[in-house]
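Scroll down for the structure; my scribbles are underneath it.
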Amino acid sequence: MQGLIERFVRGDKSVLPQILSTVESQASASVGQWDDQLYQHLVRMLVAEGRRGDSGSSRRQAQEKESCLHAICILITAVGRGGPISSLARHALAEAGVGGCRTMNLDRYFSAPQPVLTSVVRFAAVLAKLLRVRASEFLTVQENIEAVENEELNRPSSRRHSSVGTVTSEGGHFIRSVASRSNSFAMGGSYHGGGASTGDGFGSAVGNSRRTSNASNASMRRPVTLPQTASFVPLDQNPLFMEDCTTQSWLQPQFPTPALLFAKQFGEACVSNLPPMTTHVVTTEKPAEEIPVETKQMDFGSSTNLRRIHDARVFEHQCDPLFSRYLSDGVVLMWGNVSAIKGPTSSPAGSSRDGVAERSFALSHVKLFTPVPVVTIRCGSFSCYFLTLDNGVYSCGNNDFGQLGIGVRSKSDPTAGSNEKDSRSGLHRVYFPSDDKVCRLEAGSSFAIALTTGGKSMYVWGQNAVGQCLSSTSSIVKAPELIDVSDRGGTIMSGACGQSFAALVFSCGSICTWGSLKMLGVTISPEGIRDVDAPDDYKCSKSFNVFKPISERIVALRAGEWHCLAITSRGSVYSWGVDHCGRLGLGEVGYVEKMRRIEALDGHFIVNASCGNYHSVVLTREGDIFAFGENKCGQLGLPTASPRLFPGHVFLPKPAVALSCGREHTCLLLEDGDVMVCGSLQSSGMELGYGNRFTIPRRTMQSYIALSLASGEMHGMATCLMRSVSVLATHNPNPFPRKDNRCPMDEIVAQHGVRMVSGGKGFTVLLTENNQAYAAGQAGMGQLGLGSVTAEHVSSFAEISLPKEDGVVTVSCGHNFVIAISTLGTVYSWGSNSHGQLGLGDAVPVGECASSPQEIEAFNSTKQIVQVACGGTFAIALSLDGKVYSWGEARYCSRGSAEKNCFPMPEVVSSLENIICVASGAEHAVALSSNNVLHAWGRGPLGDGGAASDFAASPVVVTFAPPIRQIGCGEFNTFAITNIGDLFVWGSNENGQCGVPQRSPASTFAASSDAKTDGEEEAAHQDTSAVLFPTLVSDSVRDAAFCSSCGVLVKEDGTSAVCGRLKKDGEEVLYTTFVLQVLKDPSVQGQESSSSTGTKGVDCLKNYVSRCFRCHDSLFTTLEYRRPSVSAVRGARGNMVMCLGFDREKEEGGSKTMVSFREVQKSRGSVVEHNFPASVLKNKKK
-10 MQGLIERFVR
0 GDKSVLPQIL
10 STVESQASAS
20 VGQWDDQLYQ
30 HLVRMLVAEG
40 RRGDSGSSRR
50 QAQEKESCLH
60 AICILITAVG
70 RGGPISSLAR
80 HALAEAGVGG
90 CRTMNLDRYF
100 SAPQPVLTSV
110 VRFAAVLAKL
120 LRVRASEFLT
130 VQENIEAVEN
140 EELNRPSSRR
150 HSSVGTVTSE
160 GGHFIRSVAS
170 RSNSFAMGGS
180 YHGGGASTGD
190 GFGSAVGNSR
200 RTSNASNASM
210 RRPVTLPQTA
220 SFVPLDQNPL
230 FMEDCTTQSW
240 LQPQFPTPAL
250 LFAKQFGEAC
260 VSNLPPMTTH
270 VVTTEKPAEE
280 IPVETKQMDF
290 GSSTNLRRIH
300 DARVFEHQCD
310 PLFSRYLSDG
320 VVLMWGNVSA
330 IKGPTSSPAG
340 SSRDGVAERS
350 FALSHVKLFT
360 PVPVVTIRCG
370 SFSCYFLTLD
380 NGVYSCGNND
390 FGQLGIGVRS
400 KSDPTAGSNE
410 KDSRSGLHRV
420 YFPSDDKVCR
430 LEAGSSFAIA
440 LTTGGKSMYV
450 WGQNAVGQCL
460 SSTSSIVKAP
470 ELIDVSDRGG
480 TIMSGACGQS
490 FAALVFSCGS
500 ICTWGSLKML
510 GVTISPEGIR
520 DVDAPDDYKC
530 SKSFNVFKPI
540 SERIVALRAG
550 EWHCLAITSR
560 GSVYSWGVDH
570 CGRLGLGEVG
580 YVEKMRRIEA
590 LDGHFIVNAS
600 CGNYHSVVLT
610 REGDIFAFGE
620 NKCGQLGLPT
630 ASPRLFPGHV
640 FLPKPAVALS
650 CGREHTCLLL
660 EDGDVMVCGS
670 LQSSGMELGY
680 GNRFTIPRRT
690 MQSYIALSLA
700 SGEMHGMATC
710 LMRSVSVLAT
720 HNPNPFPRKD
730 NRCPMDEIVA
740 QHGVRMVSGG
750 KGFTVLLTEN
760 NQAYAAGQAG
770 MGQLGLGSVT
780 AEHVSSFAEI
790 SLPKEDGVVT
800 VSCGHNFVIA
810 ISTLGTVYSW
820 GSNSHGQLGL
830 GDAVPVGECA
840 SSPQEIEAFN
850 STKQIVQVAC
860 GGTFAIALSL
870 DGKVYSWGEA
880 RYCSRGSAEK
890 NCFPMPEVVS
900 SLENIICVAS
910 GAEHAVALSS
920 NNVLHAWGRG
930 PLGDGGAASD
940 FAASPVVVTF
950 APPIRQIGCG
960 EFNTFAITNI
970 GDLFVWGSNE
980 NGQCGVPQRS
990 PASTFAASSD
1000 AKTDGEEEAA
1010 HQDTSAVLFP
1020 TLVSDSVRDA
1030 AFCSSCGVLV
1040 KEDGTSAVCG
1050 RLKKDGEEVL
1060 YTTFVLQVLK
1070 DPSVQGQESS
1080 SSTGTKGVDC
1090 LKNYVSRCFR
1100 CHDSLFTTLE
1110 YRRPSVSAVR
1120 GARGNMVMCL
1130 GFDREKEEGG
1140 SKTMVSFREV
1150 QKSRGSVVEH
1160 NFPASVLKNK
1170 KK
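Residue numbers (my numbering): -10 to 1171.
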């Protein structure tokens, strides 16, 4: 097989029939090193042939069409097989995106004869489901669209049959040999597909053509009773359909794992359907919106500003309530390099560990409350810029090259230098020598540009070593200097600044460049070059170079350190500059002097882009993301660390609307206001507690609605608005006492938000967005961290105080102890130290307790600890350099066979390297490496096929091919969420907490003649109920959590589902599969909760579940009761983009007139933000 794939990758398409035949008959479905390349090249071939169209001779067209049909059959066969092979094929298709599938021109294949047509229709249906779009998005012929839609509607909901085969050519006609496959089987009739998903893994349907095949093969398939003896050796046929089943060996009897194993071993498409979800009604607690929330009081200074902002809020509240909320309560979140946020002389207050480089990074989000609402943010390499609603400009960060623009104090005293900060915000005010109003900012590495209203002039300041500020007299420009561009080419539409160059684009389509000679994008005469005798890197142009490089109209520019992208009105992208690791997207590395079109993106309409130091990311009109360039830190959001010379598709759960890139990270803003990031922890905006590197995009700032993003080299910012959430106890055996029918944590959450909830046996810790931790519950072992508490139980939440007035960034709870990381990076622990799990060494003897937080001093000499995970009586920690530390009960510390019973001090687990995230249960732990290898140790099942009674003292590898976005542990099970949202679960399932139907021991094993003891019966039940391999239980999953008796998952659409043993109407119920939760207000009899509980006039969705958290024996979810709709978020973003384009108020005839943003957009022309809809504001002009 490998040889065939190598030939195909080198361009030999004649081997495709052999590959298809091999894929169909392959005895093993294990993933080979060439399989990923096979599916990627198949998708690329379909895209390339679709782009080429019907060019060439008729003979060549027939050959290429035949090859493409082979490719379609191979892909659909791989998808139907399930397991890792299916995930690789689905990932390759997802990378193509909607634009790539549209380029495939699949309509041309619908003329194929039967039965090949069936595969084409099914392939289109799979694409529609995978990309979450209608078939009309990539098909144009109505008849074909209807065929695909009918395929989905007519797919049977029970046992399904897949028919795929080999395409051969005889006399120009296609003949297919049909090979029957079984997509699913039911064990004991207890598990039936309900249309939620299928063997394809997409939940899409297959058509009527399969029903005939099922009927014709019914006589060949006779269900048989499962053998009585368990074994891990698969049979050569599926026993359910064997005519004469005499063998008494069978796979481990849990479901659907046997089907997955069978598919892996023999290639049979027998991956089971996901179960249909029934309903579990959950009664909500007192809605948090009824709790009075303290509003932010701000001093806006002058009466003019106060009146302007007040009038803006009143007007916006009538037309855009969400934007009005932002003007009242919005906040700017900042993260990353401290020198870029606070300046080079600032460091984390109270830090006692100097000389450790990573301590210079903010470990939690820094909130900035500005005097006037911020509507535009920009980042330099080590500086930040803010444009406020009153057209004021503020800055902060490093000022080594004058890039903060604070060389003058005020207009009245323009010669006096000042470094004085605004006392209310800690920002520097940038003053301008004229009355021109600034409407747009652009920032380079160490210089900045401010564009004025009308687009006829601009201000520049900062570094001028190679003419970045167009000054011929000084290498540093400390204060803004006015540059008139009215005679250069019309109105300025957009600008971009790099390290040593800058560029503007005018309304006429011309662009203007200056700075380093390498980045001008045009050849200039020697007379225009400064410092001719200097090295090439210092040769520059300190004057405008205006030219029109291409026939298409350029509407936007985006710049990196040494490269630049240009976006045209037709959605094409051009690049030029110094290539490094493929950041130009041209497929080659070197210097590109003039603009060249990125042909790999020709099938997509690009509307926005962002350039990091060594990588680039672009955004399509449909919201798809493509990335290329360096990927050492995972900043591309693609699984492998190797650079990408061509754009690769980044899978996202929802369309993106904005993006920003730094040196080691990428931030993506989704259409609903969520933010996903990838790259290094230090600069991506992910806070502590989740890992040290994120190769797959992951959500952050989940308590906020983000409206805009900006990134510097190692820092970033976002304009945000706090979401309205409450915490709902999905399962809590020991409910908190209620006061005035209100949960005690509701008031805390309403005031300060919620970052996470954790807990152990009988106690809960709540962490807010203000870095405050609160605890309640059992307190007998000091696990609440409240000091000398005499009571055995504390019913109300009390705040935990850390030494040095330090805040808490993340917490993790064991059975009776807690470990936390502070805002300064210090690791603290408190509670029971029965097995040395506090990690305090001799400071707290083994067997004693610590009732207040104590610093784990062993980490003072190590790299920064970024994540901790507590087991029952042990703990593990992950450092920034990828090392894992463990301490506590020795058998769970992954140090092999140890003579000691416990380890009271953290030590490195030498067998684990390059780890990016960790998780732990009560008696086991897992670690994910940077190359997507999953390690596990402790009590089984660990996912490697070992039984529930097995124990691994050292890490074992769990085979898992799909790229993993998130890992986690319940008390006795483990889960992984892939990059496309598939949820895999494995481990103990005796309470149904894995969401996998279990079989009773009596129905699986023959009763022994000797009576079994209670312990033997319990062990037998655990063995039969355990899920031994990663098993797919749901798709489109956003988050998941599992405790000792149940589990909960959150879907991307805001719904949630539960499984296991829970209480319903006061009685315990058992759900062996995930069932959908329906939230019900107890005050409304017989009705579901209101579909909209937000403020009048706000376009809101119904109650939306966004996150979930686990404790030892309880589960919590966050319920957003006033979640703005996608249209509301887009409207607020549009208003923010356009609100400074013109004066919001005009005096006409002595009366005040409001100007609609739609008029502003028309008068300014379409810029790169044209992918956002026009503002919802109405023109009030008479």
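Backbone N, C-alpha and C fix where the C-beta goes; we use that ideal spot for every residue, glycine too.
Rounded to whole angstroms, the separation of the alpha carbons of T11 and M(-10) is 7 Å. In the structure shown, E660 falls within a coil segment according to DSSP collapsed to helix, strand and coil.
Per DSSP, N326 is one residue of the beta strand (DSSP E) stretching across 320 to 326.
For M690, same chain residues with a beta-carbon under 6 Å away, outside a window of 5 residues either side, are V664 in chain order. Unbroken alpha helix (DSSP H) runs of no fewer than 4 residues, entirely contained in the stretch 780 to 844, are not found. Runs of the beta strand (DSSP E) spanning 3 or more residues and lying entirely within the stretch 477 to 513 occur at 481 to 486, 490 to 495, 500 to 505, in chain order. DSSP places H1101 outside both helix and strand once states are collapsed to three, so it counts as coil. In the structure shown, Y679 adopts coil according to DSSP, grouped into three states.
Between C732 and F806, the C-beta gap is not smaller than 8 Å, which leaves the two residues out of contact. Inclusion of V449 and I472 in the CB contact set at 8 Å is warranted, their separation being smaller than that value. The C-alpha of S489 lies about 21 Å from the C-alpha of I395. Only exposed fits R48, as fewer than 16 other CB atoms lie within 10 angstroms of its CB. Here A864 really is in contact with I808; their C-beta atoms are around 6 Å apart, less than 8 Å. The beta carbon of S821 sits closer than 6 Å to the beta carbons of M770, N805, F806, C838 from its chain, once the five residues preceding and following it are set aside; these are given in chain order.
By the neighbour-count definition (other C-beta atoms within 10 Å, threshold 16), V1022 is a buried residue.
In this chain, F725 is not harboured by any beta strand (DSSP E), its DSSP state being neither H nor E.
In terms of Cβ geometry, Q7 and L27 do not form a close pair [threshold 8 Å].
Counting C-beta pairs closer than 8 Å gives fewer than three between the stretch 362 to 373 and the stretch 876 to 894, which falls short of the contact rule. For R586, the enclosing beta strand (DSSP E) stretches over residues 580 to 586.
Nearest Cα to C891 within the set Y881, C1035, G776, S669: Y881. Sixteen is the threshold: when 16 or more other Cβ atoms of the shown chains lie within 10 Å of the Cβ of K118, as they do, the residue is buried.
Judged by DSSP secondary structure, F752 falls within the beta strand (DSSP E) whose first and last residues are 752 to 756. Counting only runs that start and end inside the stretch 68 to 148, the alpha helix (DSSP H) elements of at least 4 residues fall at 72 to 92, 105 to 120, 131 to 142.
With a cut-off of 8 Å on Cβ pairs, the stretch 28 to 41 is in contact with the stretch 53 to 63, counting three or more such pairs.
In terms of Cβ geometry, S530 and W503 form a close pair [threshold 8 Å]. Using a 10 angstroms sphere on the CB of Y603, the tally of other CB atoms reaches 16 or more, which defines it as buried. Sequence-distant Cβ neighbours of L627 in its own chain, meaning closer than 7 Å and more than five residues away, are A616, N620, R633, G637, V639. With a contact defined as Cβ atoms closer than 8 Å, T757 and I737 qualify at about 6 Å. For F(-3), the enclosing alpha helix (DSSP H) covers residues -9 to -2. When rounded, the separation of the alpha-carbon atoms in S672 and T812 is 15 Å. When the alpha-carbon of F683 is set against those of E140, E132, D389, C906, the nearest one is in C906.
Considering only I854, R1119, C90, R121, the residue with the shortest C-alpha distance to D661 is R1119.
The three-state secondary structure of G1120, taken from DSSP, is helix. Scanning its chain for C-beta atoms nearer than 7 Å, with the 5 sequence neighbours on each side dropped, one finds around F533 the residues R477, C501, W503, in chain order. By the neighbour-count criterion, in which a residue is buried when 16 or more other Cβ atoms sit within 10 angstroms of its Cβ, V321 is buried.
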